[in-house]
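**Student:**
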Amino acid sequence: MLGDAKVDEHGNVHSLKDSNIAYLDKDGEDREINISAAICFLRGKAHEALENRSQALQWYKAAIKADPYCYEALECLIDNHMLSFEEEVNLLSTLQFAPEDGWLSVFYSCLIKKYDKEYVVEARFTELEREPCVSKSSEVSVSGTLKDNTDLLACKAEYYHQCGEYQKCFELTTMLLERDPFHLKCTLVHIAAAMELGHANELYLMACSLVKDYPQNCPSRCPQPQRQQAFLWYLNQNSIALSWFAVGCYYYCIKKLDQSRRFFCKATTLDGTFSSAWIGFGNAYSVREEGDQAMASFRTAARLFPGCHLPMLYIGMEYMRTHNFKLAEQFFMQAEAICPVDPLVYNELGVVAYHTKEYQKAVRWFEKTLSLVPSTVNERWEPTLANLAHALRKLKRYQEAISYYDKALALSTRSLSTYAGLAYTYHLQDNLDAAITYYHKALGLKPDDQFCTEMLTIALADECTRGDNPV
Numbered sequence: 034m035l036g037d038a039k040v041d042e043h044g045n046v047h048s049l050k051d052s053n054i055a056y057l058d059k060d061g062e063d064r065e066i067n068i069s070a071a072i073c074f075l076r077g078k079a080h081e082a083l084e085n086r087s088q089a090l091q092w093y094k095a096a097i098k099a100d101p102y103c104y105e106a107l108e109c110l111i112d113n114h115m116l117s118f119e120e121e122v123n124l125l126s127t128l129q130f131a132p133e134d135g136w137l138s139v140f141y142s143c144l145i146k147k148y149d150k151e152y153v154v155e156a157r158f159t160e161l162e163r164e165p166c167v168s169k170s171s172e173v174s175v176s177g178t179l180k181d182n183t184d185l186l187a188c189k190a191e192y193y194h195q196c197g198e199y200q201k202c203f204e205l206t207t208m209l210l211e212r213d214p215f216h217l218k219c220t221l222v223h224i225a226a227a228m229e230l231g232h233a234n235e236l237y238l239m240a241c242s243l244v245k246d247y248p249q250n251c252p253s254r255c256p257q258p259q260r261q262q263a264f265l266w267y268l269n270q271n272s273i274a275l276s277w278f279a280v281g282c283y284y285y286c287i288k289k290l291d292q293s294r295r296f297f298c299k300a301t302t303l304d305g306t307f308s309s310a311w312i313g314f315g316n317a318y319s320v321r322e323e324g325d326q327a328m329a330s331f332r333t334a335a336r337l338f339p340g341c342h343l344p345m346l347y348i349g350m351e352y353m354r355t356h357n358f359k360l361a362e363q364f365f366m367q368a369e370a371i372c373p374v375d376p377l378v379y380n381e382l383g384v385v386a387y388h389t390k391e392y393q394k395a396v397r398w399f400e401k402t403l404s405l406v407p408s409t410v411n412e413r414w415e416p417t418l419a420n421l422a423h424a425l426r427k428l429k430r431y432q433e434a435i436s437y438y439d440k441a442l443a444l445s446t447r448s449l450s451t452y453a454g455l456a457y458t459y460h461l462q463d464n465l466d467a468a469i470t471y472y473h474k475a476l477g478l479k480p481d482d483q484f485c486t487e488m489l490t491i492a493l494a495d496e497c498t499r500g501d502n503p504v
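Here is the structure:
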């Protein structure tokens, strides 16, 4: 069924039969179907169905190389995280577009991983929104821009999510779904943004809508009028998996983890290449500290999606939770090699260095974390500021530590460790009045904290001694 053609790791097909480019006229449309690309794409889908992902990868690359307009092949490569960022860039550099289709090359560069500098990515979006895109047919030429194109706006929303601008992402996806409720990529980003913002009501409504819109049951033997519905069920496995993923996200958001795991499992059963479902499945176990099940999910995701750094990152977090810092560091470094621009990776490397008492290295990692935060530092990064202050305190750089503690408190006033660290830093400087003040603030958040209680007692005793023996 797959034929005798061979393909190498670069997507080059070695077959005389397949090397002849054939086209199928699409009855007056402006493009023709490249039969060679179509055959390569179908071979890729067949290998993917057989779980031979290495061969599927090569055939998808062959399809996009045979015809740069074979968008489906590129979509499979990107959505299934089959390539690293460098491999995606190299693949796009080999594609040859017609002069009037230069905008398509820019659009493809917006689809792949957005690991370039912020201004480079923004420039691509701006270029596509301004540059006229010309479509020519035998009778008429149509020109327009992609400013309101839903696919481009979905890519922008995805970029906002990557940058941690969840509110902006959520607002954009809400607007897009009002325009096109069945845009699945936008729906996935919308669910992710709602999860980060804790919008449980929105997740509930989205889950109900998705479950209602897509059929859930397909009988093994259908009466004649129902056969079309059954056929559509088979064609919409990804959509159905997304429905159950949304349900799982809702239960995860409201802390009902048993139900969350059940629906994440259902999503991965329906679509074994659903990366977000595998990661959600692992996190639902990780929250309950069920490490073996969490690691199994993350390792499956790492095997299936070699171009995604998140499985490696979460595996490292699991090892760090069990105080296996050497293995944790190895997996964090692998995640860093795949995605060198994710601040969270460097934050975790800093935490590992802090636990292994390499405080100078910890400071470097935390400083790099803050340098990579693409937007204004918000409450999400308060722990990083506090961690950096802790590391500076260990190095006896007290004034710098106090400065970062103050920055952390400006973002969140509900952190016990920040108040305790700031109080202890003032205590080490022999500034007892400030130390006592912040010990009291820390104990206001947790009255039974042993460290703050003991240190407050010592500080008060020192203050009394100083009062009895004035200098």
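Each residue of the sequence shown is one higher than the last, beginning at 34 in the working numbering.
The beta carbon of each residue, even a glycine, is placed where N, CA and C say it ideally should be.
1. To the nearest angstrom, how far is the alpha carbon of residue 342 from that of residue 336?
2. Determine the direct distance from the alpha carbon of residue 94 to that of residue 123, and round the result to whole angstroms.
3. If we ignore side chains and look at the alpha-carbon of each, how far apart do residue 226 and residue 299 end up?
4. Rounded C-beta distance between residue 373 and residue 406? I'm assuming under 8 Å.
5. Would you report the Cα separation of residue 117 and residue 146, rounded to the nearest angstrom?
6. Who are residue 464's beta bridge partners in DSSP?
7. Is the beta carbon of residue 313 less than 8 Å from the beta carbon of residue 281?
8. What is the rounded straight-line gap between the Cα of residue 59 and the Cα of residue 185?
9. Let me make sure I understand the geometry here. Which of 81, 72 and 70 has the alpha-carbon closest to that of residue 307?
10. Going by DSSP in three states, residue 287 sits in which element: helix, strand or coil?
11. So the alpha helix (DSSP H) residue 305 belongs to, where does it begin and stop?
12. Can you tell me where the alpha helix (DSSP H) holding residue 439 begins and where it ends?
13. Using three-state DSSP, classify residue 97 as helix, strand or coil.
14. The alpha helix (DSSP H) with residue 376 in it runs from where to where?
15. Between residue 92 and chain B, is the shortest Cβ-Cβ distance under 8 Å, so that the two count as touching?
16. Please state the DSSP three-state secondary structure of residue 479.
17. Look up residue 232 in the DSSP assignment and say whether it is helix, strand or coil.
18. Thinking residue 435 and residue 470 are a contact (beta carbons under 8 Å), I'd like their distance in whole angstroms, please.
19. Does the segment 204-219 come close enough to the segment 286-302 that 3 or more CB-CB pairs lie under 8 Å?
20. Using C-beta distances below 6 Å, list every residue in its chain close to residue 276, excluding the 5 sequence neighbours before and after it, in chain order.
21. Give the secondary structure of residue 208 by DSSP, where H, G and I count as helix, E and B as strand, and everything else as coil.
22. Quick one: is residue 497 buried, meaning 16 or more other Cβ sit within 10 Å of its Cβ, or exposed?
23. Would residue 240 pass as a contact of residue 283 if the rule is Cβ separation under 8 Å?
24. How about residue 178 and residue 163: are their beta carbons less than 8 Å apart?
25. Contact between the segment 103-115 and the segment 75-91 is defined here as three or more beta-carbon pairs at a separation below 8 Å; is this criterion met?
26. Identify, in the order they occur along the chain, each residue of the same chain with its Cβ nearer than 6 Å to the Cβ of residue 205, setting aside the five sequence neighbours on each side.
27. May I ask you to report which of helix, strand or coil DSSP gives residue 409?
28. Buried or exposed for residue 330, going by 16 or more other Cβ atoms inside 10 Å?
29. With distances taken from CA atoms, which of 188, 197 and 196 is nearest residue 220?
30. When DSSP labels each residue in this structure, what does residue 254 get in the three-state scheme?
31. So, is residue 253 buried or exposed, given that buried needs 16 or more other C-beta atoms within 10 angstroms?
32. Where in the segment 101-160 do unbroken runs of the beta strand (DSSP E), each at least 3 residues long, occur, reported from the N-terminal end onward?
33. The alpha helix (DSSP H) with residue 428 in it runs from where to where?
**Tutor:** From the atom records:
1. 11 Å
2. 11 Å
3. 22 Å
4. The pair is not a contact, with the Cβ atoms about 14 Å apart (cut-off 8 Å).
5. 8 Å
6. DSSP lists no partner for residue 464.
7. yes
8. Per-residue confidence for residue 59 stands at a pLDDT of 46, beneath the threshold of 50, marking its modelled position as unreliable; the derived number appears in the next sentence. If I take the Cα positions, the gap works out to 26 Å.
9. 81
10. coil
11. Here residue 305 belongs to no alpha helix (DSSP H), and DSSP marks it neither H nor E.
12. 431-444
13. helix
14. 376-388
15. Judged by its chain identifiers, the structure shown contains no chain B, having just a single protein chain.
16. coil
17. coil
18. Their Cβ separation, rounded to whole angstroms, is 13 Å, which puts residue 435 and residue 470 out of contact at 8 Å.
19. no
20. 243, 244 and 247
21. helix
22. exposed
23. yes
24. yes
25. yes
26. 190
27. coil
28. buried
29. 188
30. At residue 254 the pLDDT is 41, less than 50, meaning the model places this residue with poor confidence and gives no usable figure here.
31. Annotation note: pLDDT 40 at residue 253 (below 50); position unreliable, coordinate value reported separately. By the neighbour-count rule (16 or more Cβ atoms within 10 Å), residue 253 is not buried but exposed.
32. none
33. No alpha helix (DSSP H) contains residue 428, which DSSP labels as neither H nor E.
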